[in-house]
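The structure appears below as structure tokens.
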Amino acid sequence: MACDRTHSCICGQMRWHIARNAPGTHLVCYCEDCQTAARFLKHQTTRLDSDGGSEIFQTLPAFFEFLDGRDHLAVLRLGPKGLLRWHAGCCGTPIANTLPTPTLPFVGAILPPGADGYGPIRALVNTVGTASHIKETGVLAAHLSIMGRILRARLPGGKRSSPFFDRTGAPVAVPRILSQQERNAARPG
Ligand SMILES: [Zn+2]
Ligand SMILES: [Zn+2]
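The numbering of the sequence shown is this note's numbering, which starts it at 4 and goes up by one.
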């Protein structure tokens, strides 16, 4: 199923798709924030690998499309300055991360570990602080390719649309900002 880059939430009410021709970088992020978000949503078993990594495909939001259940789309932030962490409001399945505004078109689509259809994993990032032996790799190349895509998308005629923001630039769902208490309770221990 993942071969055609179509994904669904665990309860099946939401489905989304990443275009086959979407340019992007397939990586695994081990940062504490990604783990905290997955744990807060109670999806550490469905979306984190055994080392706490989140498998991510970084691409442009214009290539991301909701097929079903968009009404269920929900979003949280770990703090007032945090990324927008989009998820399925029906069952909590993590979907994607974006920056807080559409000015820099970027989406990190969160894949189930071992997802097919995105080519090999090109980078392991934010491994410092993980209990595992994993070494960071491919970070610079990943950053450069994100910046290149963002800059090209910002050119006239570039692909700037996003299913996560409305025409005024506001997120399509109201972000829930976690309290420090909620955030701390979900931190990986
Ligand atoms: Zn992360
Ligand atoms: Zn669901």
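Ideal Cβ positions, reconstructed from N, Cα and C, are used throughout, including at glycine. Model, not experiment: these values are computed from the prediction.
Counting along the chain, I137 sits inside no beta strand (DSSP E), nor does DSSP assign it H or E at all. Under a 10 Å Cβ-count criterion, R179 is classified as exposed, with fewer than 16 other Cβ atoms of the shown protein chains found around its own Cβ.
Distances taken from the Cβ of S164 to the heavy atoms of ligand 1 include none shorter than 8 Å. Following the DSSP letters along the chain, one finds H29 inside the beta strand (DSSP E) bounded by residues T28 to C32.
Contact between the region 104–113 and the region 162–173 is established, with three or more Cβ pairs separated by less than 8 Å. A straight line joining the alpha-carbon of D54 with that of I149 spans about 25 Å.
A40 is a Cβ neighbour of A189, given a cutoff of 9 Å. In this structure, the beta-carbon distance from F66 to N100 does not fall below 9 Å.
Per DSSP, the continuous alpha helix (DSSP H) segment holding H146 begins and ends at V142 to R157.
In chain order, L30, V31, Y33, G56, I137, K138, E139, T140 and G141 place their CB closer than 8 Å to the CB of L127, counting only its own chain and leaving out the 5 sequence neighbours on each side. L76 is positioned such that its CB atom lies closer than 9 Å to that of I98.
Judged by their CB atoms, C12 and C94 are nearer to each other than the 9 Å cut-off. In the same chain as P83, and ignoring 5 residues on each side of it, the C-beta atoms closer than 8 Å to its own belong to I180, in chain order.
Ligand 2 never approaches C37 closely enough for any of its heavy atoms to be under 8 Å from the residue's Cβ.
By the CB criterion at 9 Å, A144 and L63 fall outside the cutoff.
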